[in-house]
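Structure first, commentary second.
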Amino acid sequence: MTTHAFQTTKEDILAHYKANGFAVIPNALTREELDYLNGLVETSLKESPEKWHKPIEGAVGTGVMLEKYPLEMDTFIRHPRIFPLIQEVLLGEARFAQFDFRDVAPERASSSEMHFHRDISYYGTIGGKIFDPENPYISTYACVIYYLSDVHECCPAFCLVPNSHTYGSLDEAKEGLGDAYEEIPIRGQAGTAVLYNITTYHTRKGGREDCTHGRRTMHNYHSRATSYPLTNWATVPEVLALSDDHDTRLFYSQWTPNQIKFAREHYTKPIPPYYPVNMVK
Ligand SMILES: O=C(O)CCC(=O)C(=O)O
Ligand SMILES: [Fe+2]
C-alpha cells in the first residue's frame, strides 16, 4: 500500500521533519478515536449538510465541530501523542490556527486533484516569515492532516515535495532541487497522520476513476506566538478561549478580527481588555 517510509519514534519523526519538511506517523489515532470522529462526521453530513461547504476541488468541508464539541475537539487539537511533536517543531510556541474536516465522496475521488501550493493565507502575504531559517525545524506554521479513512493506491492522496520550502514556485523547486526533486504521495491506513511545514509544496493527488473509497481527513493548523494568525475565518468557542486554565487560554489566544467579532457577539463572560474588541468594526 505504501510508496514512502513511515516514522514511528519521536527521534525519527523529528529528524525526518527537519530534513524534509514533513513526517508520516502511522497509528496516530486509535480505532476508538477513528470510530468516534467518523461517527461525528457521518451524523453531521446526514443531519446538518448545510454546515458543510459545497465541494471545493472535490472535497466538502466543515469547521463546525470545534464550535459544537469544543472540549472533545480540543483533545484532538492538542492530542497527547502528537501535540508534543507540534510544540517541538514550533519551538514551544504553538498557537491554535485552524481545525476542520473534509470528505471526498467516492464519486468525486478522480476529480479531487488540487494544484501544488503552499498554505500561505492572506496574513502570509502581508508580512511575516513564511518559514524560519533560525528554527531547526523550519516552520512558522505546522499542520497535521489525519487520515480518517484508509488511503489506498486508488484514493485521493496528500502529496509533498520534500525540502521545497525555500523556493518561490514549484518550477524553481524543480530546478533548484534537481535530482532531489520528488513528489511523494502519502498512502496509509486510517489513523495515519502527516505532520508538515505548510510552506513545503504540496497538493492533493486525485484518485483513480475506479476508486470506490473516496477519502476523509481532519486538518489541524498551528501558528506560532511569533507568527501572524494564519486565517481570518477560524473562530474559537468561549470555553477554550476564555478557559480558566492558563495553558488553554494561551494556546487559543491568537485572535483575528473575525475572532474578535465572534467573541463580541457570542461570548457571555467579559472579554479581557487586552483584546481590542471595540477597535474592530
Ligand atoms: O486534502 C489534501 O490532501 C490537501 C489539502 C490542502 O493542501 C489544502 O487544503 O490546502
Ligand atoms: Fe494545502
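Each residue of the sequence shown is one higher than the one before, starting from 24 at the first, in this note's numbering.
Even for Gly, the Cβ is constructed at its ideal location relative to N, Cα and C.
The beta carbon of Asp142 sits closer than 7 Å to at least one heavy atom of ligand 2. The three-state secondary structure of Arg272, taken from DSSP, is helix. Residue state for Asn301 is assigned as helix, using DSSP reduced to three classes. One Cα belongs to Arg54, the other to Val262, and the distance between them is close to 28 Å. Secondary structure at Tyr190: coil, using DSSP grouped into helix, strand and coil. Checking the DSSP bridge columns, you'll see Tyr219 partnered with Phe45 and Cys166. The three-state secondary structure of Pro208, taken from DSSP, is strand.
In the structure shown, Pro260 falls within a coil segment according to DSSP collapsed to helix, strand and coil. By the C-beta criterion, the stretch 210-227 is judged to be in contact with the stretch 180-195, since at least 3 inter-stretch pairs fall below 8 Å. Not a single heavy atom of ligand 1 lies less than 7 Å from the C-beta of Thr85.
Within 7 Å of the C-beta of His269 there is not a single heavy atom belonging to ligand 2.
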